[in-house]
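Here the structure is laid out as structure tokens; the discussion comes afterwards.
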Amino acid sequence: MATVELSEVALLDRPDFSSGELPDFTTDAYKDAYSRINAIVIEGEKEAHGNYMAIGTLIPEQAEELEKLGRMELKHMKGFTACGKNLGVQADMPFAKEFFSPLHDNFQKALEKGNLTTCILIQAILIEAFAISAYHVYIRVADPFAKKITEGVVQDEYLHLNYGQEWLKANLQNCKEELINANKINLPIIRSMLDQVAEDASVLHMDKEELMEEFMIAYQDSLMEIGLDNREIARMALSAVV
């Protein structure tokens with residue numbers, strides 16, 4: 338499957354992190370950027386816990402499994418909190434709460450309406466693919482303590498992504514229209530989130546374009562696993578760039 342081209346800048350304009358050189362974790366600039374990046378992952382895991390518990394109210398027969406997934410997210414939240422403390426950084430939680438507010442609000446609206454497909458797309462596909470791709474890029478430039486924590490977290494996130502894929506695959510015949518419409522609304526938010534955090538990510542030696550490419554590969558692979566065809570996937574992916 339061909340991945341939709343997303344780069345909007347010349348390669349020469351992209352930061353060169355190809356040498357594999359790690360950032361200086363002790364500088365004020367790094368710690369300032371990390372205060373927001375760390376807060377984002379902490380808030381993301383907190384949101385995920387609440388979202389999985391909420392989805393369980395819409396699928397009572399799967400509530401126990403969803404509660405288990407939610408507990409894993411709380412464990413991740415504690416791990417990432419420890420990462421900040423290890424560097425002597427106070428996470429900027431007000432920033433992170435605002436950062437997630439568009440997806441949070443859309444999830445809550447869908448939950449109130451009983452739009453299960455939208456809830457699962459937001460949490461178990463979009464957010465999980467976003468997290469997995471970001472964690473993979475971060476692991477390569479993380480401090481040793483955070484690297485170990487993140488490597489453990491990312492393995493769990495694949496379980497969460499798989500849950501979303503399997504549910505949507507099993508129900509695709511009845512939920513495709515809602516899935517496509519929810520994608521049009523929520524996929525552009527992911528792009529705007531990456532744009533918002535690009536400067537801080539660069540300080541951590543994480544390139545925005547690489548993050549978006551990794552995310553779109555993971556997202557499109559998930560859509561293929563769910564059972565959408567190449568044309569449908571390409572049309573959905575275009576929502577990120579138009």
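In the working numbering, each residue carries its 1-based index in the sequence shown increased by 337.
Using N, Cα and C, we set each Cβ at its ideal position, and we do this for glycine too.
Are residue i and residue j touching if we call contact CB-CB under 8 angstroms?
i           : j           : result
residue 519 : residue 433 : no
residue 464 : residue 381 : yes
residue 452 : residue 515 : yes
residue 537 : residue 374 : yes
residue 523 : residue 458 : yes
residue 475 : residue 543 : yes
residue 386 : residue 490 : no
residue 577 : residue 466 : no
Do you know whose CA, among the options, lies nearest residue i's CA?
i           : options            : result
residue 415 : 402, 438, 487      : 487
residue 411 : 384, 450, 449, 429 : 384
residue 441 : 577, 531, 541, 526 : 526
residue 449 : 391, 511, 490      : 391
residue 586 : 496, 477, 506      : In the structure as shown, the chain starts at 338 and stops at 579, and residue 586 therefore has no counterpart that could be examined.
residue 508 : 565, 467, 539      : 565
residue 495 : 513, 469, 393      : 469
residue 553 : 528, 539, 535      : 528
residue 400 : 511, 358, 500, 510 : 500
Near residue i, what residues of its chain come up, given a Cβ to Cβ distance below 7 angstroms and the 5 sequence neighbours on each side ignored?
i           : result
residue 424 : 362, 368, 371, 480
residue 531 : 545, 548, 549
residue 349 : Unreliable placement is indicated for residue 349, whose pLDDT of 37 sits below 50; no coordinate value is reported for it.
residue 420 : 375, 482, 483, 486
residue 497 : 406, 461, 465
residue 517 : 573
residue 551 : 470, 473, 474
residue 504 : 457
Residues in its own chain within less than 6 angstroms of residue i by CB, not counting five upstream and five downstream?
i           : result
residue 389 : 403, 406, 407
residue 502 : 559, 562, 563
residue 447 : 455, 456
residue 493 : 409
residue 535 : 545
residue 521 : 576
Under 8 angstroms Cβ to Cβ from residue i, same chain only, skipping five residues before and after it: list those, please.
i           : result
residue 395 : 448, 451, 453, 456
residue 342 : Because the pLDDT at residue 342 is just 43, under 50, the model does not fix this residue reliably, and the point stays unresolved.
residue 570 : 338, 557, 560, 561
residue 430 : 376, 379, 380
residue 533 : 436
residue 398 : none
residue 360 : 367, 478, 540, 541, 542
Scan the stretch 445-471 and note each continuous alpha helix (DSSP H) run of 4 residues or more that stays entirely inside, going in chain order.
-> 453-457
Mind pulling the beta strand (DSSP E) runs of 3 or more residues that sit fully within the stretch 348-410?
-> none
Enumerate, from N- to C-terminal direction, the unbroken alpha helix (DSSP H) stretches of 4 or more residues contained entirely within the stretch 527-575.
-> 545-563, 567-574
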